[in-house]
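> The opening position of the sequence shown corresponds to residue 67 in my numbering, with each subsequent residue numbered one higher.
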Amino acid sequence: MVPVPSVPSPPPALEPQSIPSTSTEPTSTPAPAPAPALSKNALKKARKAELIAERKLERRAREREKRKEKKRQRSERIAAGEDVSDDDRSKKRAKLSAPKAPFGARVVVDLGFDDKMSEKEVVSLCSQLAFTYSANRRSPTPIKSLLFTSLDGRTRERLDSLNDAGYRRWAGTEWWSESYERLWQESKDTTPEAATGAGDSSGSADDVDAKEEVQGAKAVAPQESVVYLTADSPEELEELKEGETYIIGGICDHNRYKKLCLNKAKASGVRAAQLPIGRYLAHLPTRKVLTVNQVFEILVKWVETRDWEQALYAVIPKRKFQNGGAQEAA
């Protein structure tokens, strides 16, 4: 017999696997809590911010249109064959050479505080001195005599390093290494260390005859005619008078040294007074300590307008007029 091969039995049938069902229904999320209602003050601030933003955009749009118009006019002038390269400089020269009416007083910037300032403050002070000179040069009623005393130390080094000691060429200024007390002290050695402002044949109002300038420095200023300006003085300055001398403390110290200039005035035996800021800007919320050039610009502006309120508003930075100050200015 032929053996019959055995046939393997089929594998058992697999049971169907259950597939987990995925639900297509969206899961519910909790609704966001309603935003808290803004207070009246917050709403007022928000509206004010929106108004400022709108005004800023409008101002920028006006400035763009103004630049476009200026560019168009310039293009037309160039097309017409006109030379416009020196136009701005010509306007500046015309303004500086306009007739001036000097006010016959002297302003002294006392630089005798070099050891009380940091390097950064010395740099800032030297910038203020440049602004002071520039303000006097631009004014239609400049102060006749602008004197810088006690020039020494880092302040002198800084000025010497700028523009090849350009301060020595500032017209109508004097620079002394001695103290302002030399003004009323009798001394044979009265030639200024540096006197500028030699006149030329054009007779420009910005230039002062060199001989006259030196003679003015030699004249003795009566001690009783000298006033040291300091915010610490209880006395207010009523007006500027020709023939008097007004001293500004040349220091940038962010008001660290209390009554520094007042005590120096007392030690020198001269009168001290403050600008009448409290009388005319009673609601000024910030401190009344100003930079050297700001004090000088207020003096020059008063000479021009003979109005303290107008002079103060014209010079004091607008950022100081907030809250009550802004309302008063309006």
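Where is the CB? At the ideal position from N, CA and C, for every residue including glycine.
Source: prediction; values computed, not measured.
Suppose the cutoff is 7 Å on Cβ atoms and the five residues either side in sequence are ignored; what does the same chain contact list for Ser205 look like?
On the sequence shown, residue 205 is found 139 positions in, with the first residue counted as 1. Closer than 7 Å at the Cβ level, and outside the excluded window around Ser205, lie Val366, Glu370.
> Please say whether Tyr379 and Ala23 have beta carbons closer to each other than 8 Å?
Since the first residue of the chain shown is 67 and the last is 396, residue 23 is not available in this structure.
> Which residues does DSSP pair with Ser211 in a beta bridge?
Sequence index remark: in the sequence shown, residue 211 carries index 145 (1-based). Ser211 is bridged to Arg172.
> Buried or exposed for Gln139, please, with buried defined as at least 16 other CB atoms from any protein chain shown within 10 angstroms of its CB.
Against the sequence shown, residue 139 aligns to sequence position 73. Per the 10 Å Cβ criterion, exposed.
> With DSSP collapsed to three states, give me the class of Ala333.
Against the sequence shown, residue 333 aligns to sequence position 267. DSSP places Ala333 in helix when its eight states are reduced to three.
> Can you check whether the CB of Val173 is closer than 8 Å to the CB of Leu212?
If you number the sequence shown from 1, residue 212 lands on position 146. If you number the sequence shown from 1, residue 173 lands on position 107. Taking 8 Å as the Cβ cut-off, Leu212 and Val173 qualify as a contacting pair.
> In this structure, does DSSP put Ile317 in helix, strand or coil?
Taking the sequence shown and counting its residues from 1, one reaches residue 317 at position 251. In this structure, Ile317 counts as coil in the three-state DSSP scheme.
> For Ser253, is the classification buried or exposed, using 16 other Cβ atoms within 10 angstroms of its Cβ as the cut-off for buried?
Counted from its first residue, the sequence shown places residue 253 at position 187. Because Ser253 carries a pLDDT of 39, less than 50, the predicted location of this residue cannot be relied on, and no value is offered for it.
> Buried or exposed, going by whether 16 or more other CB atoms sit within 10 Å of the CB of Asn229?
Indexing the sequence shown from 1 puts residue 229 at position 163. With fewer than 16 Cβ atoms within 10 Å of its Cβ, Asn229 is classed as exposed.
> Look at Gly335 and Gln289 and say whether their C-beta atoms are less than 8 Å apart.
Residue numbering aside, residue 335 sits at position 269 when the sequence shown is read from its first letter. Residue numbering aside, residue 289 sits at position 223 when the sequence shown is read from its first letter. For Gly335 and Gln289, yes; Cβs fall inside 8 Å.
> For the beta strand (DSSP E) that Trp241 lies in, which residues bound it at each end?
Walking along the sequence shown from the start, residue 241 turns up at place 175. Residue range 239 to 241 is occupied by the beta strand (DSSP E) that includes Trp241.
> Quick check on the burial criterion: 16 or more other C-beta atoms within 10 angstroms. Buried or exposed for Arg130?
Your numbering for residue 130 matches position 64 in the sequence shown. Counting Cβ neighbours within 10 Å, Arg130 comes out exposed, since fewer than 16 surround it.
> Give me the residue from His349, Glu240, Leu341, Tyr346 with the minimum Cα distance to Ile364.
Along the sequence shown, read from residue 1 onward, the residue named residue 364 stands at position 298. Of the candidates His349, Glu240, Leu341, Tyr346, the one whose C-alpha sits nearest the C-alpha of Ile364 is Leu341.
> From what residue to what residue does the beta strand (DSSP E) around Leu191 run?
Start at 1 with the first residue of the sequence shown, and residue 191 comes out as number 125. Not the beta strand (DSSP E): Leu191 falls in the alpha helix (DSSP H), residues 185 to 204.
> Let's test the definition: count the other Cβ atoms within 10 Å of the Cβ of Gly178 and tell me whether it reaches 16, buried, or not, exposed.
The sequence position of residue 178 within the sequence shown is 112, counting from 1. Buried is the call here.
> Under the three-state reduction of DSSP, which class applies to Tyr323: helix, strand or coil?
Here residue 323 refers to the residue found at position 257 of the sequence shown. Three-state result, Tyr323: coil.
> Just how far apart, CA to CA, sit Val189 and Asn107?
Taking the sequence shown and counting its residues from 1, one reaches residue 189 at position 123. Taking the sequence shown and counting its residues from 1, one reaches residue 107 at position 41. One C-alpha to the other measures close to 43 Å.
> Shorter than 8 Å from the beta carbon of Leu347 to some beta carbon of chain D?
Within the model displayed, chain D is absent; a lone protein chain is all it includes.
> Relative to the C-alpha of Arg235, which residue among Phe362, Leu225, Cys318 is closest?
In the sequence shown, the residue the question calls residue 235 occupies position 169. Measuring from the Cα of Arg235, the nearest candidate turns out to be Leu225.
> When you compare each of Ser245, Ser200, Lys325 to Ala237 by their alpha carbons, which one comes out closest?
For the purposes of this step, residue 237 is taken as the residue at position 171 of the sequence shown. It is Ser200 whose Cα lies nearest to the Cα of Ala237.
> Expressed to the nearest angstrom, what Euclidean distance is found between the alpha-carbon atoms of Phe169 and Phe362?
By one-based count along the sequence shown, residue 169 stands at place 103. By one-based count along the sequence shown, residue 362 stands at place 296. Distance between the alpha carbons of Phe169 and Phe362: 13 Å.
> Just checking my contact of Val299 with Leu328 at CB under 8 Å: how many whole Å lie between their CB atoms?
Locating residue 299 in the sequence shown gives position 233, counting from the first residue. Locating residue 328 in the sequence shown gives position 262, counting from the first residue. Correcting the residue type first, residue 299 is Ser in the shown sequence and not Val. Indeed they touch by this definition, with Cβ atoms about 6 Å apart.
> Tyr346: which of Lys210, Tyr312, Ala333, Trp374 sits nearest, CA to CA?
Counting from 1 along the sequence shown, the entry for residue 346 is found at position 280. Answer by Cα proximity: Trp374.
> Is the distance from the Cβ of Leu191 to the Cβ of Gly315 below 8 Å?
As a first step, residue 191 is located in the sequence shown; it is residue number 125 there, counting from the start. As a first step, residue 315 is located in the sequence shown; it is residue number 249 there, counting from the start. No, they are not a contact pair.
> Whole angstroms is fine: what's the gap from Thr221's alpha carbon to Tyr246's?
To locate residue 221, count along the sequence shown from 1; it is residue 155. To locate residue 246, count along the sequence shown from 1; it is residue 180. Roughly 17 Å between the two C-alpha positions.
> Could you name the residues that DSSP lists as bridge partners for Thr311?
Within the sequence shown, residue 311 is the residue found at index 245, counting from 1. Note: Thr311 sits in a beta bridge opposite Arg172, Val292.
> So what does DSSP say about Ala339, is it helix, strand or coil?
Against the sequence shown, residue 339 aligns to sequence position 273. Of the three classes helix, strand and coil, the one that applies to Ala339 here is strand, per DSSP.
> From the DSSP output, read off the bridge partner residues of Glu305.
If you number the sequence shown from 1, residue 305 lands on position 239. In the DSSP output, where bridge partners are listed per residue, Glu305 has none listed.
> Excluding the five sequence neighbours on either side, which residues of its own chain have a C-beta within less than 8 Å of the C-beta of Cys318, listed in chain order?
In the sequence shown, the residue the question calls residue 318 occupies position 252. Around Cys318: Met183, Glu187, Val188, Ser190, Leu191, Gln194, Thr357, Val358.
> By the three-class DSSP mapping on this structure, what secondary structure does Gly178 have?
Residue numbering aside, residue 178 sits at position 112 when the sequence shown is read from its first letter. Note: Gly178 maps to coil in three-state DSSP.
> Identify, in the order they occur along the chain, each residue of the same chain with its Cβ nearer than 8 Å to the Cβ of Gly219, setting aside the five sequence neighbours on each side.
Looking up residue 219 in the sequence shown gives position 153. Excluding sequence neighbours, Gly219 sits near Asp180, Asp181.
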